[in-house]
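Asker: Here's a structure for you.
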Amino acid sequence: MAALHYRVRPFEKGKKQLQKQAGLQLFFCFHLAEWRIFPIFAHPTITTLIMNKLIALLTFLLVVTTAAAQNGKDARIKEIRAAYSQAKKKIDQNGKGGKSPKDMHIILNNLEDEDVPLYTEMTLDYYFDESYVDGVMTKRPYFIVENWTCHSHLRYREILVNPKDQQIMFCYMRGETDAGFVVETRYYYDTDGKCIEAKHSTDNNWTSNGSEVENAVYYLKLFNMATYNGYFSPLDTDTKGKATTPKAQRMQQIRSIYAQAKDKIAKNDKAEMPNGMQVIIHDLGDDQPPRTTEIKMFFDKACYFISHQASSMSFDSYSEYLFDPQGEDLIFSYTRSREEGNEYEFRYYYDENGKCIETKSNSEDTDDGFYDKRAAKDFQAIFKTMLSDGED
């Protein structure tokens, strides 16, 4: 108690009472550290002992954290491999067992230079699930396959996608040059899109985990555009200010351009290296008859003709879109549709400003070609995106 009295004596009486009631023990602990503990740390032997224990503790925590991270990584890779195996089984059963196929294929043949032929052949195969989201049938791809060849160079890709959130899970690429040099890469991604594992067959690889994700996102964009998965190209209002040709002369001009386009298509089909882009979609079939949709795009320097055909047990339709060969303006559209035993035809002719100047149909339900212009714009957007390699 003498020591207590000595330590408390310098303070005022009011503080004495406070220390006795609430802070006396804290007061002593503070001064105990001041008198006893600090000198201990000054002792070199004890200091070394404490530092060694501290280092050992930090090392232990680091090992535990690393082990936890590794366990998380291993679990994710195991999950990816299981999802990959499941996707392959679904693809193998696609269109079998009395079920309609659910897939989409984009086929591109492109002769880039006629003087020094550089001919590209590319196929994208998509496999997807279908479900209703807010009353709308929605397609969610779970696997994408790419086959590409150009001047004896080959490339094969696989992209595993989580169909629930469209997150990229895994990317595989195998490339081979005309000289026989082969490159293989594998990238595994966590749920945040971060690459957690990269495997390369050679140090001289052609890809990175970032470039593969960008490529996968580009392919998903093409899918969404072709299936209208939340994507519609903006429809510009009719342009104004262009000089227009008299109606009779304009219609004669359109018919002449149409005949020239058909002649170009026939010659292109017979060419050794034809230009063309094709989109084939197999869908529906759960609560509706299976449907096949086929879009063909014909081009040289620009896309000059597009055809669209859709068919099922309950209906079929065929459409044509003719574009000005000097630009990208729709100048004529045609649709023939059959449903429930009824058949309808629609022909729309447009002037230089995109305004419908003539409608020919056996139906009273016409719209001056508004929906045809909408569809033509969407198909053009797919074509431009495909040939731009994803560049905006």
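In my numbering, the protein residues as written are 1 to 392. Each residue gets a CB set at the ideal place from its N, CA and C atoms; glycine is no exception.
1. Ordered along the chain, which non-local residues of its own chain (more than five positions away) have a Cβ less than 6 Å from that of Asp367?
2. Out of curiosity, what's the CA-to-CA distance linking Leu387 and Thr227?
3. Start and end of the beta strand (DSSP E) containing Phe305?
4. Would you identify the three-state DSSP class for Met135, choosing helix, strand or coil?
5. Could you give the distance in angstroms between the alpha-carbon of Phe305 and the alpha-carbon of Phe323?
6. Would you give the residue range spanned by the beta strand (DSSP E) that Met273 belongs to?
7. Rounded to the nearest angstrom, what separates Glu121 and Ala261 at their Cα positions?
8. Less than 8 Å between C-beta atoms, sequence neighbours within five positions excluded: which residues of the same chain meet that for Ile77?
9. Consult DSSP for Asn215 and reduce its assignment to one of helix, strand or coil.
10. DSSP on Ser314, reduced to helix/strand/coil?
11. Excluding five sequence neighbours on each side, which residues of the same chain lie with their C-beta closer than 6 Å to the C-beta of Lys242?
12. Does at least one heavy atom of the ligand FAD sit under 7 Å from the Cβ of Glu320?
13. Can you tell me whether Val279 is buried or exposed, with buried defined as 16 or more other CB within 10 angstroms of its CB?
14. Take Met251 and list the residues in its own chain whose beta-carbon comes closer than 7 Å to its own, dropping the five residues that flank it on each side.
15. Are the Cβ atoms of Asn275 and Leu111 separated by less than 8 Å?
16. Could you have a look at Phe404 and say whether DSSP puts it in helix, strand or coil?
17. Taking just the CA atoms, how far does Asp113 sit from His308?
18. I need the DSSP call for Asp372, collapsed to helix, strand or coil.
19. Is it right to say Asp372 is buried, meaning 16 or more other beta carbons lie within 10 angstroms of its own, or is it exposed?
20. Should Arg255 go down as buried or exposed, given a rule of 16 or more other Cβ atoms within 10 Å for buried?
21. For Thr120, name the three-state secondary structure that DSSP assigns.
22. Would you mind giving the Cβ-Cβ distance between Gln166 and Thr191, rounded to the nearest angstrom? I have them listed as a contact below 8 Å.
23. Where does Ala243 fall in DSSP's three states?
Answerer: If we stick to the structure as given:
1. Nothing listed; no residue qualifies.
2. Taking the straight line joining both Cα atoms gives about 18 Å.
3. Element bounds for Phe305: Cys303 to Ser311.
4. A small fix is needed here, since residue 135 is Gly in this sequence, not Met. If DSSP states are grouped into helix, strand and coil, Gly135 belongs with coil.
5. Distance between the alpha carbons of Phe305 and Phe323: 6 Å.
6. First-last for Met273: undefined, no H or E at that position.
7. Per the coordinates, the alpha-carbon of Glu121 lies some 23 Å from the alpha-carbon of Ala261.
8. Cβ neighbours of Ile77 beyond the five flanking positions: Tyr188, Ile196 and Glu197.
9. In this structure, Asn215 counts as helix in the three-state DSSP scheme.
10. Three-state result, Ser314: coil.
11. The beta carbon of Lys242 is closer than 6 Å to those of Glu352 and Asn353 in its chain, skipping five residues each way along the sequence.
12. With respect to the ligand FAD, the structure offers nothing, as it holds no ligand at all.
13. Val279 is buried by the Cβ-count criterion.
14. Cβ within range, chain order: Tyr349 and Glu358.
15. Asn275 places its beta carbon less than 8 Å from that of Leu111.
16. Residue 404 falls outside the range modelled here, since the chain spans only 1 to 392, and no answer is possible.
17. Rounded to whole angstroms, His308 to Asp113 spans 28 Å at the Cα level.
18. Assigned with DSSP and collapsed to three states, Asp372 falls in helix.
19. When all chains shown are included, Asp372 counts as buried.
20. That one is exposed.
21. Strand.
22. Contact doesn't hold; Cβ gap of about 12 Å is too wide.
23. Secondary structure of Ala243 (DSSP, three-state): coil.
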